[in-house]
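In terms of this note's numbering, the sequence shown opens at residue -14 and continues consecutively.
All C-beta atoms, glycine included, are put in the ideal place defined by N, C-alpha and C.
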Amino acid sequence: MRKAIIAAAALVFSASAIADEMASPDEAKAMSERAQQAVNEMGAAAAFDAFAAEDGDFREKDLYVFCMDMDGVMLSHAVKPELVGKNLLDFNKYGDELFKDMIAVAQDSGEGWVDYNWPYPGTDEVKEKTSYVMTNDEGFFCGVGAYK
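This is the structure:
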């Protein structure tokens, strides 16, 4: 019984520590705006390097930048670089066609929120997440997501 209580307390503490490191949707939107500015001012290649830098301005709490073209090809992903070059248009693992939705927002209004379900870090639980996506002068969009 005592081991179960200790295990439960450790789990609560870890979940609490993770929650303290989670950013808000407002912080995600602000980073997305900075990402758009970086692409517009530095060009895509230099911006992608800045997004990937672990000690840079584009990796805060659980936030990171991802960029995709209007066909669904991942151009840059700060946390999962193995996704770069892959077409994710039809990705629907958690009940949402999130990349199709992101492309629609980017094409329709140039920027906005896209809601979807995504695994919560450190757990197997799928939770609601939202990403703020923005197009840039190069013709693709970048986004930054936060849990709701």
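Terminal residues of the continuous beta strand (DSSP E) containing residue i?
i: V111; result: 111 to 120
i: D100; result: 96 to 104
i: M53; result: 51 to 53
Specify the secondary structure class of residue i as computed by DSSP and reduced to three states.
i: S61; result: strand
i: E123; result: coil
i: K129; result: One point to set straight first is that residue 129 is Val, not Lys, in the sequence displayed. V129 falls in the strand class under three-state DSSP.
i: L74; result: coil
i: E18; result: helix
i: E12; result: helix
Going by alpha carbons, who is nearest to residue i out of the options?
i: W103; options: Q92, D81, C127; result: D81
i: V58; options: Y49, G70, D47, L48; result: G70
Within the same chain, show all residues whose beta-carbon is closer than 6 Å to that of residue i, passing over the 5 residues directly before and after it, in chain order.
i: D122; result: N25
i: A91; result: V118, T120, F126
Can you tell me whether residue i sits near the ligand GTP, meaning its C-beta is under 8 Å from at least one heavy atom of the ligand?
i: K46; result: Looking for the ligand GTP in the displayed structure turns up nothing, as the structure carries no ligands at all.
Residue i CB to nearest chain B CB: under 9 Å?
i: N102; result: Reference to chain B is not applicable here, since this structure consists of a single protein chain.
Taking 7 Å as the limit between beta carbons, can you name the residues of its chain near residue i, skipping five residues before and five after?
i: A8; result: E45, K46, D47, L48, A131
Residues in the same chain with beta-carbon distance under 8 Å from residue i, minus the five sequence neighbours each way, listed in chain order, please.
i: V50; result: M16, S17, A20, F36, F43, S61, A63, C127, G128, V129
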